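Engineer:
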Amino acid sequence: MKQQLDAKDTAILAVLHANARAPVVAIARQVGLSRSATQERIARLERDGVILSYTTETREPHSSVTEGYLLVSLGSGLCSRQVASIRRIDGVRSCRAVSGEIDVVVHVVASGPDAFSAVRDRVAALPEVGSVRTCLVLPG
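When the count follows this note's numbering, it moves up by one through the sequence shown with no breaks and lands on 140 for the last residue.
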């Protein structure tokens, strides 16, 4: 059963937002809990789907990385099933169901334009995907 977030949970999330690689001991010290209590809370936040992933974002001046968003419209079917399938594709940083004309927004970071296109093609080939529009992030 999912629990409400309390002040300690919110504090743990704030530390992880600042540094997703922070050791549990350092998080515990910052939020005023024991290491084991902090670890248990993090495990619960992961289990309850509050923490979806741990990422590192970088921006290098002349990077060959291609970053963008895929705007996915589903023909039919369960959006949650498609979101789960999309999240498993290499290069997908995040995947969110949204309201409106678009059903799913996918953040992709790939090693170049060809790798980005390969991710797009994999998403487009999933069952019930009606259309995929691409929005590339411009350098700068």
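The beta-carbon is built from N, C-alpha and C at its ideal position, and this holds for glycine as well. Owing to the predicted nature of the structure, the values given are computational and were not obtained by experimental measurement.
Excluding the five sequence neighbours on either side, which residues of its own chain have a C-beta within less than 7 Å of the C-beta of LEU33, listed in chain order?
Structural biologist: Around LEU33: LYS8.
Engineer: Looking only at C-alpha atoms, which of ALA110, VAL31, VAL72, THR55 sits nearest to ARG133?
Structural biologist: Among ALA110, VAL31, VAL72, THR55, the Cα nearest to that of ARG133 is on VAL72.
Engineer: Considering only the beta carbon of each residue, do VAL98 and GLU67 sit closer than 9 Å?
Structural biologist: Result no, Cβ atoms of VAL98 and GLU67 do not sit closer than 9 Å.
Engineer: Taking only runs of the alpha helix (DSSP H) that begin and end inside the segment 39 to 116, which ones reach a length of at least 4 residues, in chain order?
Structural biologist: Runs of the alpha helix (DSSP H) inside the segment 39 to 116: 79 to 87.
Engineer: So, for GLU128: in the same chain, excluding its five sequence neighbours on each side, which residues have a beta-carbon less than 7 Å away from its beta-carbon?
Structural biologist: Within the same chain, GLU128 has close Cβ partners LEU74, GLY75, SER76, GLY77, GLN82.
Engineer: Quick check: SER53 and SER80, are their CB atoms within less than 9 Å of each other?
Structural biologist: No.
Engineer: Taking the alpha-carbon of CYS135 as reference, which of ARG41, PHE116, ILE51, ALA43 has the nearest alpha-carbon?
Structural biologist: The shortest Cα separation from CYS135 among ARG41, PHE116, ILE51, ALA43 belongs to PHE116.
Engineer: Can you round the beta-carbon distance between VAL15 and GLN30 to whole angstroms, since I take them to be within the 8 Å contact cut?
Structural biologist: Indeed they touch by this definition, with Cβ atoms about 5 Å apart.
Engineer: Look up THR134 in the DSSP assignment and give the residues it is bridged to.
Structural biologist: Beta-bridge pairing links THR134 to LEU70.
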